[in-house]
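Asks: There's a structure below that I have some questions on.
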Amino acid sequence: MNRKLALTTLVLILVLNMSFAQSCTYSSVMTIAAYDPGDCGRINDKTRDIPDIKDLVEVMDNTKAYDLGTGFVYELGNKKYILTCEHLLFKTGKIVAYDAFYNSYPLKLVGTDMFYDLAVLEFECQEKAKKFKGVVFDNADPDHGLVLSAGYWKWNGQPNLERGEILKEESTKNNNDLPREIYLKSSAHTSGGFSGGPLFNKEGKVIGMNNSIHVKEKVSYALKGVIIEKIALNIIANDGYVVRPFCGLEFSQNVTNGPVVIDEIIEDSPATKYKEALKNQPVASINNQPILSIYDALMNIEKINAGEQVTIGLENGDEISFATGILSKNSLEKIAIHAISKNYKKQCTKAHKCARVKINQEQVIIKHEGKEDIITTAGLRENRIYCLNNPEQLGIMIRIFGLHRYIELGKDDEHIYIKQLKFSADNDKRVLYY
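If you count the sequence shown from 1, position 144 lands on 180 in the numbering used here, and the numbers rise without skipping.
Okay, here's the thing in structure tokens:
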């Protein structure tokens, strides 16, 4: 590195630190502690088995928290909220925010979006929250630049800061990473407890939310700011729910490349009328936007409001237009029944009838080859069981994990839970239900 470049880099780092101190340190970053986990076939928290995050263990010991992460203050209409990762809040009753000096601020849940792993919390006492400053988002789409990732406050009052730079992805068609349309990838080496924390650019503005890490490659992923704001506003405006369109389409794409194909049409959905024209057809565009990856399909449908028209352009030159519905409880149950039935049908033999699937308030009942399997509405992610409150969340889980190619089915002493559900014979497809 030459002297001029080294000096420029040093100045940028100093500017980044000053911006963070002026804009964020005292007013926006919070430690988020979750307490009182519910009993849902609990899998023991593995956090304490990780030797390189002693700070996190110390904070958990002092706060007596079951799970710990980070969040940041968001202001809308003179009201203060906390934005964080939804996965921090499973199996929890009480949720508390702590400032740099470990003063506590009880929070209440406004709503969550499991699909993007985003939660919106509200200060129970808005009067006490007045002293906090909401973050400023920069919703530009950076493909380079220095960044600063902020995590929970250490017990000694010191912030957790990791510096890095944006790493540009070359392609999403054969991408084993999280998609660049949704996530920013950086060299900021975050660890346990950073989930939900802000990713700042050199101006001290939030461009993302820490979501996950790739341990071997030592890179971090952050949900993009433009998605955070859009979903947060949707949740706040709709009493805790995200209102999305529903088409009734099952899209798939081979992970090693190839076109995006409409594999199936979900019965009794907005697309059912066009089943013959759409089924097994490669997709060229959605609402006149080219589709090269399954994530293109996702992001283009996400731009549509529920009830609006969607136009599917096929590679054979046909265009099919229809009005979307709402991705409601009923729609999500249809997705769950469709996906599980399809999975079990692959196991059918000529001597047995294929699976019949029924969902009631707490269970998925699958009758297959003379046997009845009962899957409770709970699922597994990393080291924790997802405790799902209602059956439509099973459909949400299938939508989430379809993009990652599979869910797994398994059980512990108390529950049968979602552990593996392959979406193709060789587990070589990403699947999107929308």
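For glycine and all other residues, C-beta sits at the position ideal for the given N, C-alpha and C.
#1: Taking Glu-300 and Glu-312 to be in contact with their CB atoms under 8 Å, please state how far apart those CB atoms are, rounded to whole angstroms.
#2: State the DSSP-derived secondary structure class of Gln-162, mapped to helix, strand or coil.
#3: Is the distance from the Cβ of Gly-232 to the Cβ of Ile-243 below 8 Å?
#4: Could you give the DSSP three-state label for His-180: helix, strand or coil?
#5: Please list the segments of the alpha helix (DSSP H) lying wholly inside the segment 323–363, counting only runs of 4 or more residues, in order along the chain.
#6: Looking at the structure shown, is Ser-367 part of a helix, part of a strand, or coil, going by DSSP?
#7: Using CA atoms only, rank isn't needed, just tell me which of Glu-160, Ile-348, Met-245 is closest to Pro-306.
#8: Quick one: measure Cβ to Cβ for Thr-67 and Thr-120, integer angstroms, because I've assumed they're closer than 8 Å.
#9: Can you check whether the C-beta of Asp-332 is within less than 8 Å of a C-beta belonging to chain C?
#10: Report all residues from its chain with a CB closer than 7 Å to the CB of Leu-468; omit the five preceding and five following residues, and keep chain order.
#11: Within 10 angstroms of its Cβ, does Cys-283 collect 16 or more other Cβ (buried), or is it exposed?
#12: For the beta strand (DSSP E) holding Asn-196, just list the boundary residues, first then last.
#13: For the alpha helix (DSSP H) holding Thr-99, just list the boundary residues, first then last.
#14: Is the segment 259–277 in contact with the segment 310–325, if contact means three or more CB pairs nearer than 8 Å?
#15: Measure how close the beta-carbons of Leu-125 and Gly-229 come, nearest whole angstrom, since I'm counting them as under 8 Å.
#16: Leaving aside the five residues before and after Val-297 along the sequence, list all residues of the same chain whose C-beta is less than 8 Å from its C-beta, in chain order.
#17: Is Met-35 helix, strand or coil by DSSP?
#18: If you run the structure through DSSP and keep just helix, strand and coil, what is Asn-192?
#19: Please report how far the alpha carbon of Ile-327 lies from the alpha carbon of Asn-336, in whole angstroms.
#20: For Pro-178, tell me which candidate among Glu-163, Tyr-188, Pro-195, Ile-202 has the shortest Cα-Cα distance.
#21: Less than 8 Å between the beta carbons of Met-150 and Ile-340, yes or no?
#22: Expressed to the nearest angstrom, what Euclidean distance is found between the alpha-carbon atoms of Lys-15 and Glu-239?
#23: Per DSSP, which residues does Tyr-257 bridge with? Please list them.
#24: Tell me, please, which residues DSSP counts as bridged to Lys-115.
#25: Residues bridged to Met-66 by DSSP?
#26: For Val-172, name the three-state secondary structure that DSSP assigns.
#27: Taking the C-alpha atoms as reference points, what is the distance between Thr-360 and Gly-276?
#28: For Glu-286, name the three-state secondary structure that DSSP assigns.
#29: Confirm, please, whether the CB-CB distance from Lys-116 to Phe-159 is below 8 Å.
#30: On the three-state DSSP scale, how would you describe Arg-435?
#31: Kindly indicate which three-state DSSP category Thr-226 falls into: helix, strand or coil?
#32: Tell me the residue span of the alpha helix (DSSP H) that contains Ala-136.
#33: State whether the segment 160–172 contacts the segment 138–152, with contact taken as three or more CB pairs (one from each stretch) at a distance under 8 Å.
#34: May I have the straight-line CA-CA distance separating Val-109 from Glu-351, to the nearest angstrom?
#35: Determine the extent of the alpha helix (DSSP H) in which Leu-314 is found, giving its start and end residues.
Replies: Put simply:
#1: As a working mapping, residue 300 is identified with position 264 in the sequence shown. As a working mapping, residue 312 is identified with position 276 in the sequence shown. Not confirmed; about 13 Å, so no contact.
#2: For the purposes of this step, residue 162 is identified with residue 126 of the sequence shown, where counting begins at 1. DSSP places Gln-162 in helix when its eight states are reduced to three.
#3: Looking up residue 232 in the sequence shown gives position 196. Looking up residue 243 in the sequence shown gives position 207. Contact flag unset, no.
#4: Sequence index remark: in the sequence shown, residue 180 carries index 144 (1-based). His-180: coil per DSSP, three-state reduction.
#5: 330–338
#6: Indexing the sequence shown from 1 puts residue 367 at position 331. Residue state, collapsed to three classes: helix.
#7: If you number the sequence shown from 1, residue 306 lands on position 270. Ranking Glu-160, Ile-348, Met-245 by Cα distance to Pro-306 puts Ile-348 first.
#8: The residue you call residue 67 lines up with position 31 of the sequence shown. The residue you call residue 120 lines up with position 84 of the sequence shown. Thr-67 to Thr-120, Cβ: 10 Å. No contact.
#9: No chain C is present in this structure, which holds just one protein chain.
#10: As a first step, residue 468 is located in the sequence shown; it is residue number 432 there, counting from the start. Result list for Leu-468: Phe-287, Ile-330, Ala-333, Leu-334, Gly-438, Leu-439, in chain order.
#11: Within the sequence shown, residue 283 is the residue found at index 247, counting from 1. Classification of Cys-283: buried, given that the 10 Å Cβ count is 16 or more.
#12: Taking the first residue of the sequence shown as position 1, residue 196 is located at position 160. From DSSP, the beta strand (DSSP E) with Asn-196 extends over 195–201.
#13: For the purposes of this step, residue 99 is taken as the residue at position 63 of the sequence shown. Run containing Thr-99: 90–99, per the alpha helix (DSSP H) assignment.
#14: no
#15: Residue numbering aside, residue 125 sits at position 89 when the sequence shown is read from its first letter. Residue numbering aside, residue 229 sits at position 193 when the sequence shown is read from its first letter. So it is not a contact: roughly 14 Å between Cβ atoms.
#16: Within the sequence shown, the letter at position 261 stands for residue 297. Same-chain partners within the cutoff: Phe-287, Ser-288, Gln-289, Asn-316, Gln-317, Pro-318, Val-319.
#17: As shown, the chain starts at 37 and ends at 470. That puts residue 35 outside it, with no answer to give.
#18: What you label residue 192 is simply residue 156 of the sequence shown in a count that begins at 1. Coil.
#19: Here the question's residue 327 lines up with position 291 in the sequence shown. Here the question's residue 336 lines up with position 300 in the sequence shown. So the alpha carbons of these two residues sit roughly 9 Å apart.
#20: For the purposes of this step, residue 178 is identified with residue 142 of the sequence shown, where counting begins at 1. Per the Cα distances, Ile-202.
#21: To locate residue 150, count along the sequence shown from 1; it is residue 114. To locate residue 340, count along the sequence shown from 1; it is residue 304. Taking 8 Å as the Cβ cut-off, Met-150 and Ile-340 do not qualify as a contacting pair.
#22: The chain is shown from 37 up to 470; residue 15 falls before or after that span and cannot be answered.
#23: The sequence position of residue 257 within the sequence shown is 221, counting from 1. Looking at the DSSP assignment, Tyr-257 forms a beta bridge with Lys-221, Ser-248.
#24: As a working mapping, residue 115 is identified with position 79 in the sequence shown. DSSP lists Leu-112 as partners of Lys-115.
#25: Taking the sequence shown and counting its residues from 1, the one referred to as residue 66 is at position 30. Bridge partners of Met-66: Gly-107.
#26: On the sequence shown, position 136 is the one that residue 172 refers to. If DSSP states are grouped into helix, strand and coil, Val-172 belongs with coil.
#27: By 1-based counting over the sequence shown, the position of residue 360 is 324. By 1-based counting over the sequence shown, the position of residue 276 is 240. Approximately 22 Å, taken between the alpha carbons.
#28: Taking the first residue of the sequence shown as 1, we reach residue 286 at position 250. In the structure shown, Glu-286 sits in a strand (DSSP, three-state: E or B).
#29: Residue numbering aside, residue 159 sits at position 123 when the sequence shown is read from its first letter. Residue numbering aside, residue 116 sits at position 80 when the sequence shown is read from its first letter. Yes, these two residues count as a Cβ contact at 8 Å.
#30: In the sequence shown, the residue the question calls residue 435 occupies position 399. Note: Arg-435 maps to helix in three-state DSSP.
#31: Here the question's residue 226 lines up with position 190 in the sequence shown. Here Thr-226 sits in coil by DSSP.
#32: Along the sequence shown, one-based indexing puts residue 136 at 100. First-last for Ala-136: undefined, no H or E at that position.
#33: yes
#34: Position 73 of the sequence shown holds residue 109. Position 315 of the sequence shown holds residue 351. Roughly 46 Å separates the two Cα atoms.
#35: In the sequence shown, counting from the first residue as 1, residue 314 sits at position 278. Run containing Leu-314: 311–314, per the alpha helix (DSSP H) assignment.
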